[in-house]
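There are 2 protein chains.
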Amino acid sequence: MERSKGRPTKALVTREKISSAALKIVGVQGYEKLTMARVAREIGVGPSALYNHVHGKDDLLALVQDAVMAQVDTAALRAALAGDLSPGAALRTWARSYRDVFALHAPLVEVIATTPISGAPATQEMYELVARVLVAAGEPQARIIPRIIALESFIYGSSYDAHAPANIFDLPDIARVTAHSFAAAHAAFVADSAVSADAPSIDAALAPVSADAPASLASAGSGPVSGPDGGGNPFADTPFRLGLEALLADID
Amino acid sequence: MERSKGRPTKALVTREKISSAALKIVGVQGYEKLTMARVAREIGVGPSALYNHVHGKDDLLALVQDAVMAQVDTAALRAALAGDLSPGAALRTWARSYRDVFALHAPLVEVIATTPISGAPATQEMYELVARVLVAAGEPQARIIPRIIALESFIYGSSYDAHAPANIFDLPDIARVTAHSFAAAHAAFVADSAVSADAPSIDAALAPVSADAPASLASAGSGPVSGPDGGGNPFADTPFRLGLEALLADID
Chain U
243 MERSKGRPTK
253 ALVTREKISS
263 AALKIVGVQG
273 YEKLTMARVA
283 REIGVGPSAL
293 YNHVHGKDDL
303 LALVQDAVMA
313 QVDTAALRAA
323 LAGDLSPGAA
333 LRTWARSYRD
343 VFALHAPLVE
353 VIATTPISGA
363 PATQEMYELV
373 ARVLVAAGEP
383 QARIIPRIIA
393 LESFIYGSSY
403 DAHAPANIFD
413 LPDIARVTAH
423 SFAAAHAAFV
433 ADSAVSADAP
443 SIDAALAPVS
453 ADAPASLASA
463 GSGPVSGPDG
473 GGNPFADTPF
483 RLGLEALLAD
493 ID
Chain L
243 MERSKGRPTK
253 ALVTREKISS
263 AALKIVGVQG
273 YEKLTMARVA
283 REIGVGPSAL
293 YNHVHGKDDL
303 LALVQDAVMA
313 QVDTAALRAA
323 LAGDLSPGAA
333 LRTWARSYRD
343 VFALHAPLVE
353 VIATTPISGA
363 PATQEMYELV
373 ARVLVAAGEP
383 QARIIPRIIA
393 LESFIYGSSY
403 DAHAPANIFD
413 LPDIARVTAH
423 SFAAAHAAFV
433 ADSAVSADAP
443 SIDAALAPVS
453 ADAPASLASA
463 GSGPVSGPDG
473 GGNPFADTPF
483 RLGLEALLAD
493 ID
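Heads up: the sequence lines are chains U and L, in that order. Yeah, the first sequence ends on 494 if you go by our numbering, and it's all consecutive. Yeah, the second sequence ends on 494 if you go by our numbering, and it's all consecutive.
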């Protein structure tokens, strides 16, 4: 075609390019700035060129979701399948990485929780690894999916909690009287957290999950869930460990 | 004041009126239609009249959140404190109600997970009851808040899962080969769910939680999380029960 002759090769649109461009926008500007038009501009094509590959904003988010899921660290799962790590240790490491990645991409939680995985190859690959580790751990076939869903539900909620403000449970004076048991529990928790200096800090948890991940991913949040610093609730770690241990208590 | 002399009493704005009007809009039209302008119109005042009571959309959502939290059934918690029910049974009943209520109000999950409770009296009251039940169960002071956060994180993620499409884990033919362990687990789960006709249905779980709640609340969802029917993932119940039992395994 005459018209396309002079176009640079980089203007060719692929789903991979769309995904990379979208992740770049999200990393630098946040999810609220992710639009089809901005992605097209980033790639250097007109918006209409995207629609052969992505059907709209929801499809774009599903594409980004699978790319983000690919950032979850599955090395521990592979180590367990190779016999180098216990299934329980592998699942704990995987779950923590899963939480850390989605804490950086909290606006995707709704998307991942409700989007069919049929078009998400990285997500499928991760689930396959988790399923195989659960089989190795002796989990009955029919309980594997419920176990994964229960873990994920906890991980998704915990991804939000990683962005809760440190003062979320602070009470006004009057409520410290009416809600005295809760206020006492809160004071005990805050005191306990202050002395637990050996616990992994939320800042470490929210650092980019691999050397390949650009530091700017830390600004990938949006809306009430995260500020440009990617969150950082200093009280999120203890509840996450407590819940994860309970959910995996029967798997060594 | 001369100017206000002829105004009808109903035009007086209170936070309670704003909350009721917002819940009505959400129940009939969904969260995507909730705006300050619509709330003002529902009350019969100009938008500027709202701003003496609510600072904007975020504050409006926080107000709605507390009103929705008041719908969570705390009767079992009160029964436990009166000695009529075990703490464990009370917490299970409360957690299920909490999940059911927020499954109907999934767009509020982000709000509740990240909004300080200082201005939310119904939420404070609920937390006080939960804290007192946990004290009665022998939970150490410093573990009460982490326990509540872990439970809530699970409940929030489960509120999303209640809206997952039934086909969320269906795989295309090719992936059924590459992800064969996951596919086998999925088939076993689906088969098992089909025979578990005695499990509480998600439709029952998503019904309004009390006789006072209008049926139209079932349409309170929005966006990818819920359709106008309030969701209804037929596979959500088993994972919820599995996770809840694990998180409360040590409390009778």
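Built from N, CA and C at the ideal position, the CB exists for glycine as well. Just so you know, these numbers come straight off a predicted model, no measurement behind them.
Spatial distance of residue i from residue j (CA atoms)
{"i": "residue 432 of chain U", "j": "residue 390 of chain L", "result": "14 Å"}
{"i": "residue 435 of chain U", "j": "residue 312 of chain L", "result": "30 Å"}
{"i": "residue 357 of chain L", "j": "residue 342 of chain U", "result": "21 Å"}
{"i": "residue 261 of chain U", "j": "residue 302 of chain U", "result": "8 Å"}
{"i": "residue 339 of chain U", "j": "residue 314 of chain U", "result": "6 Å"}
{"i": "residue 376 of chain U", "j": "residue 493 of chain U", "result": "9 Å"}
{"i": "residue 428 of chain U", "j": "residue 271 of chain L", "result": "38 Å"}
{"i": "residue 476 of chain U", "j": "residue 299 of chain U", "result": "33 Å"}
{"i": "residue 282 of chain L", "j": "residue 480 of chain L", "result": "42 Å"}
{"i": "residue 415 of chain L", "j": "residue 371 of chain L", "result": "50 Å"}
{"i": "residue 333 of chain L", "j": "residue 259 of chain U", "result": "48 Å"}
{"i": "residue 381 of chain U", "j": "residue 278 of chain L", "result": "50 Å"}
{"i": "residue 407 of chain U", "j": "residue 418 of chain U", "result": "19 Å"}
{"i": "residue 291 of chain U", "j": "residue 289 of chain L", "result": "42 Å"}
{"i": "residue 410 of chain L", "j": "residue 422 of chain L", "result": "16 Å"}
{"i": "residue 484 of chain L", "j": "residue 395 of chain L", "result": "15 Å"}
{"i": "residue 325 of chain L", "j": "residue 316 of chain L", "result": "15 Å"}
{"i": "residue 488 of chain U", "j": "residue 488 of chain L", "result": "6 Å"}
{"i": "residue 273 of chain L", "j": "residue 320 of chain L", "result": "31 Å"}
{"i": "residue 322 of chain U", "j": "residue 388 of chain L", "result": "29 Å"}
{"i": "residue 478 of chain L", "j": "residue 430 of chain L", "result": "15 Å"}
Closest by C-alpha distance to residue i, when choosing among the options
{"i": "residue 366 of chain L", "options": "U:327, U:413, U:382 and U:405", "result": "U:413"}
{"i": "residue 386 of chain U", "options": "U:280, U:424, U:395 and U:369", "result": "U:369"}
{"i": "residue 383 of chain U", "options": "L:482, L:319, L:425 and L:402", "result": "L:425"}
{"i": "residue 495 of chain U", "options": "L:410, L:374, L:430 and L:316", "result": "Residue 495 of chain U is absent from the structure shown; chain U starts at 243 and stops at 494."}
{"i": "residue 269 of chain U", "options": "U:322, U:346, U:323 and U:478", "result": "U:346"}
Close-in-space but distant-in-sequence residues of the same chain around residue i (CB under 6 Å, 5 per side omitted)
{"i": "residue 359 of chain L", "result": "365 and 366"}
{"i": "residue 308 of chain L", "result": "362, 364 and 365"}
{"i": "residue 335 of chain L", "result": "318"}
{"i": "residue 400 of chain U", "result": "341 and 482"}
{"i": "residue 439 of chain U", "result": "For residue 439 of chain U, the pLDDT reaches just 45, beneath the cut-off of 50, and the residue's location in the model is therefore unreliable, although a value from the coordinates is still provided. Counting only Cβ-Cβ distances below 6 Å, and skipping sequence neighbours, we find nothing."}
Cβ neighbours of residue i in the same chain (closer than 7 Å, five flanking residues each side left out)
{"i": "residue 265 of chain U", "result": "306 and 309"}
{"i": "residue 337 of chain U", "result": "393, 397 and 486"}
{"i": "residue 275 of chain L", "result": "267"}
{"i": "residue 284 of chain U", "result": "263, 266 and 267"}
{"i": "residue 328 of chain L", "result": "322 and 494"}
{"i": "residue 280 of chain L", "result": "267"}
{"i": "residue 455 of chain U", "result": "Interpretation of residue 455 of chain U is limited by its pLDDT of 35, a score under 50 that renders its predicted location unreliable; the figure taken from the coordinates is listed afterwards. So the list reads 313, once near-sequence residues are dropped."}
Sequence-distant residues of the same chain with beta carbon closer than 8 Å to residue i, five excluded per side
{"i": "residue 257 of chain L", "result": "295, 296 and 305"}
{"i": "residue 330 of chain L", "result": "379, 490, 493 and 494"}
{"i": "residue 344 of chain L", "result": "310, 350, 351, 354, 397, 398 and 401"}
{"i": "residue 255 of chain L", "result": "285, 287, 291, 292, 294 and 295"}
Just list the alpha helix (DSSP H) runs in the segment 325-357 of chain U, keeping only unbroken ones of 4 residues or longer that don't cross its boundaries, in chain order.
329-345 and 351-356
When Cβ atoms are compared, which residues of the segment 399-414 of chain L fall closer than 8 Å to chain U?
399, 400, 402, 403, 405, 406, 407, 409, 410, 411, 412, 413 and 414
Near-chain U residues of the segment 376-387 of chain L - C-beta to any C-beta below 9 Å
376, 377, 381, 382, 383, 384, 385, 386 and 387
Give the residues from the segment 419-435 of chain L that approach chain U closer than 8 Å (Cβ to any Cβ), ordered along the chain.
420, 421, 422, 423, 424, 426, 427, 428, 430, 431, 433 and 434
Using a Cβ cut-off of 7 Å, which residues of the segment 476-489 of chain U contact any Cβ in chain L, in chain order?
480, 481, 484, 485, 488 and 489
Which of the residues in the segment 271-294 of chain U, read from start to end, lie with their CB under 7 Å from any CB of chain C?
Absent here is chain C; the protein component of the structure consists of chains U and L.
For the segment 329-346 of chain L, which residues have a beta carbon sitting closer than 9 Å to at least one beta carbon of chain U?
none
Run through the segment 399-439 of chain U for me and flag every whole alpha helix (DSSP H) of 4 or more residues, listed as ranges in chain order.
415-420 and 422-437
Taking any Cβ of chain L, which residues in the segment 357-369 of chain U have a Cβ under 9 Å from it, in chain order?
357, 358, 359, 360, 361, 363, 366, 367 and 369
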